[in-house]
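According to our numbering, the sequence shown is numbered sequentially starting from 885.
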Amino acid sequence: MKLQITITGADGQVKARAEGSDSVTLVYSAPYTEGDVIRMSGGPGYVVAMLEDSIAETFGYLSGEFCLVVPFGEKRVSYSPKSFTGDIHLLCARRAEPREVGAYRNLALNPLDSHDNRGFFPHASANVETRGESVFAARNAIDGCYANTSHGPWPYQSWGINRDPEAELLLDFGREVTVDRLVFTLRADFPHDNWWKQCSICFSDGTQVTAEFVKTGERQQIIIEPRVVRWLKVGQLIKDEDDPSPFPALTQLEVWGNSAD
């Protein structure tokens, strides 16, 4: 697998580039400026990437070119204040080992996900995000950050539904995977928050399950019959009608299983 990491500016011009067979490392010795884009290409195949040195290595499926617009302003507040700062940056990627590809893992985890992601899976999207703010984006539900006793900027970012009972979150794995367990961490900024009593999960194979929740900030696990799917959708979110707050939200969604290939 040939891998390439490139940084381009707002004008599309290449600022830095590195490539390699099976692994690549790029040291970028300059501050990021607004409009910069981090690009990773190669594959298709499984890759372990660290494209921001304050974010842990991420296992994912690279289907083509992955683009991450370097966040500035309001877009940055859902990341650690250390992220994308300074005047030197270390970016790495490598082909995943067979033992990593076959490992039982949380298949939903991708702290590198963003609205612009079309090439590095999993990818989360939603039909509604509260006020379009980054701290309530769908990507926050798969970034691996479990702080849920408040809401707003990092580390309390979540998926917020803007009080919309028709809200849905789509999780795309980019290829077929085998799944057998779901884990939800609801946001628990009580009494500011409400909470969901249940939701439905629809899978790409046409099956559906219902998850029942209790009022807690702890992880809540749902065991399901194993199935091979490409995506799942979380919807039909039913909040507690006796709770006066109108603000339920999701801090983390885990989907446990194995790559199907």
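By construction, the Cβ of each residue, glycine as well, lies at the ideal position given by its N, Cα and C atoms.
Below 8 Å, can you find three or more Cβ-Cβ pairs linking the region 936-948 to the region 903-915? Note that the region 936-948 does not touch the region 903-915; fewer than 3 beta-carbon pairs, one per stretch, sit closer than 8 Å.
Proximal residues to G919 (C-beta, below 7 Å), its chain only, five neighbours per side dropped: Locating residue 919 in the sequence shown gives position 35, counting from the first residue. Shown here for G919: same chain residues with a beta carbon closer than 7 Å to its own, the five before and five after excluded, namely G893 and A894 in chain order.
Less than 8 Å between the beta carbons of G1028 and P1006, yes or no? Here residue 1028 corresponds to residue number 144 of the sequence shown, with the count starting at 1. Here residue 1006 corresponds to residue number 122 of the sequence shown, with the count starting at 1. At the C-beta level, G1028 and P1006 stay beyond 8 Å of one another.
Evaluate the contact criterion for the region 1076-1092 versus the region 1117-1128: three or more CB pairs, one atom per stretch, below 8 Å. Touching, per the Cβ criterion.
Report back the beta-carbon spacing between S1088 and V1113 to the nearest angstrom; my notes put them in contact at under 8 Å. Against the sequence shown, residue 1088 aligns to sequence position 204. Against the sequence shown, residue 1113 aligns to sequence position 229. About 5 Å separates the beta carbons of S1088 and V1113, which is inside the 8 Å limit, making them a contact pair.
Given R1059, which residues of its chain have a CB within under 6 Å of its CB, disregarding the five upstream and five downstream residues? Looking up residue 1059 in the sequence shown gives position 175. Answer for R1059: Y945, listed in chain order.
DSSP puts E1138 in a beta bridge; with which residues? Counting from 1 along the sequence shown, the entry for residue 1138 is found at position 254. Answer by DSSP bridge pairing, in chain order: V1067.
With distances taken Cα to Cα, identify the nearest neighbour of M934 among T942, P928 and G927. Residue numbering aside, residue 934 sits at position 50 when the sequence shown is read from its first letter. For the residues T942, P928 and G927, the minimum Cα distance to M934 belongs to T942.
Between the C-alpha atoms of T1033 and R901, what's the straight-line distance to the nearest angstrom? The residue you call residue 1033 lines up with position 149 of the sequence shown. The residue you call residue 901 lines up with position 17 of the sequence shown. One C-alpha to the other measures close to 41 Å.
Are the region 1095-1113 and the region 1056-1074 in contact at 8 Å, needing three or more beta carbon pairs? Cβ pair count under 8 Å is three or more, so yes.
Express the C-alpha separation of V1093 and E1109 in angstroms, rounding to a whole number. In the sequence shown, the residue the question calls residue 1109 occupies position 225. In the sequence shown, the residue the question calls residue 1093 occupies position 209. The alpha-carbon atoms of E1109 and V1093 are separated by roughly 10 Å.
So what does DSSP say about P1037, is it helix, strand or coil? Residue 1037 sits at position 153 when you count from the first residue of the sequence shown. Coil.
By Cβ distance below 7 Å, which residues in the same chain neighbour P955 in space, the five residues on each side in sequence not counted? Position 71 of the sequence shown holds residue 955. Cβ neighbours of P955 beyond the five flanking positions: Y963 and F968.
Taking L1053 as the reference, which of V908, R978 and L1137 has the closest Cα? Taking the first residue of the sequence shown as 1, we reach residue 1053 at position 169. Closest in alpha carbon position to L1053, among V908, R978 and L1137, is L1137.
Roughly how many angstroms lie between the CA atoms of P1132 and N1046, to the nearest whole one? As a position in the sequence shown, residue 1132 is number 248, starting the count at 1. As a position in the sequence shown, residue 1046 is number 162, starting the count at 1. Cα to Cα, P1132 sits roughly 9 Å from N1046.
Mapping the DSSP letters down to three states, classify V985 as helix, strand or coil. By 1-based counting over the sequence shown, the position of residue 985 is 101. The three-state reading of DSSP puts V985 in helix, counting H, G and I together.
Quick check on the DSSP output: the beta strand (DSSP E) that includes G904 runs from which residue to which? What you label residue 904 is simply residue 20 of the sequence shown in a count that begins at 1. For G904, the enclosing beta strand (DSSP E) begins and ends at V898 to S905.
Using the Cβ count rule (16 or more neighbours within 10 Å means buried), how would you classify D906? For the purposes of this step, residue 906 is taken as the residue at position 22 of the sequence shown. So D906 counts as exposed.
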